[in-house]
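Please read the structure below before turning to the comments.
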Amino acid sequence: MRNYTYQLPLAKGSIKQIVVHNENDEVIYTFKRTYKTILHQIFDIWIGKNQLLCHYDGYDVTGNKIIESYKKHSIAKRTKNMLSFVESCDMKELFTAEIDGIDAITPTYKIESPNTKLITKIDFSRLVHFYEKGNVVAILQLHFSNKQKSYLEIKNNASIQNPLFYIIYSQMFYFIGEY
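Everything in the sequence shown is counted per the numbering used here, starting at 69 for the first residue and increasing by one.
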């Protein structure tokens, strides 16, 4: 079992780089929300209320991009949240996630790739659970206050051991998203 901490930004639209620490308080990853241009950012703030354009990039300690995620909007279908590990990472998969059902209070998301299927749920105490084959593989405690850190625990039986996967999807679903 591995534990990680990070601190959420003050605002949903923040483009500040967020640092992820391991259990020894060493910086192991960083991630940040990005926009293509300043006009995209202004549009997202004014029109989208910081929820329309959602794009996150994750980096290792040397600054190499290892994860890229974004929302894919469609007029006729539900919004899909895409996450991919880029070429420099050992895992090269594209994950697609979409909301399952109509529960807007505690939404459930299905995350799928050709090799992996996960389900994520949040409860009223802001605990995000990631399930793989019916077993909890990761738990993330979200704290929306700027003075408290969010905690992630990844179990040994998880097929995905990269903390950025769980953190960025939690950011997209429950910090920026519909929750």
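We put the beta carbon where it would ideally sit given N, CA and C, even for glycine.
Proximal residues to residue i (C-beta, below 6 Å), its chain only, five neighbours per side dropped
i      : result
Gln75  : Lys217
Ser194 : Going by the sequence as given, residue 194 is Arg instead of Ser. So the list reads Leu210, once near-sequence residues are dropped.
His123 : Thr102 and Tyr138
Contacting residues, own chain, Cβ-Cβ under 8 Å from residue i (five flanking each side not counted)
i      : result
His89  : Tyr72, Thr73, Tyr74, Val95 and Ile96
Phe243 : Leu76, Lys80, Leu210 and Phe212
Val204 : His197, Phe198 and Lys223
Identity of the residue in the options nearest residue i by Cα
i      : options                        : result
Ala165 : Ile207, Lys185 and Gly131      : Lys185
Gln109 : Ile86, Ser82, Asp93 and Gln239 : Ser82
Lys84  : Ile115, Thr98 and Lys140       : Thr98
Asp168 : Asn149, Glu161 and Phe153      : Asn149
Asp128 : Val87, Trp114 and Lys160       : Val87
Leu232 : Gly126, Asn183 and Asn92       : Gly126
Anticipated Cβ contact below 8 Å, residue i with residue j, distance rounded
i      : j      : result
Leu220 : Tyr234 : 6 Å
Leu121 : Tyr237 : With 8 Å as the limit, Leu121 and Tyr237 do not qualify as a contact, their Cβ atoms being about 17 Å apart.
Contact set for residue i: own chain, Cβ-Cβ below 7 Å, skip 5 residues either direction
i      : result
Tyr247 : Summary for Tyr247: the model assigns pLDDT 49, below 50, so the residue's position carries little reliability; its value from the coordinates is reported in the next sentence. Taken in chain order, the residues that qualify are Pro175, Ile190 and Phe241.
Ser181 : Glu161, Leu162 and Phe163
With 16 other Cβ atoms within 10 Å as the buried cut-off, status of residue i
i      : result
Ile106 : exposed
Ile228 : buried
Thr188 : buried
Ile134 : buried
Residue i and residue j closer than 9 Å at C-beta
i      : j      : result
Val196 : Ile179 : no
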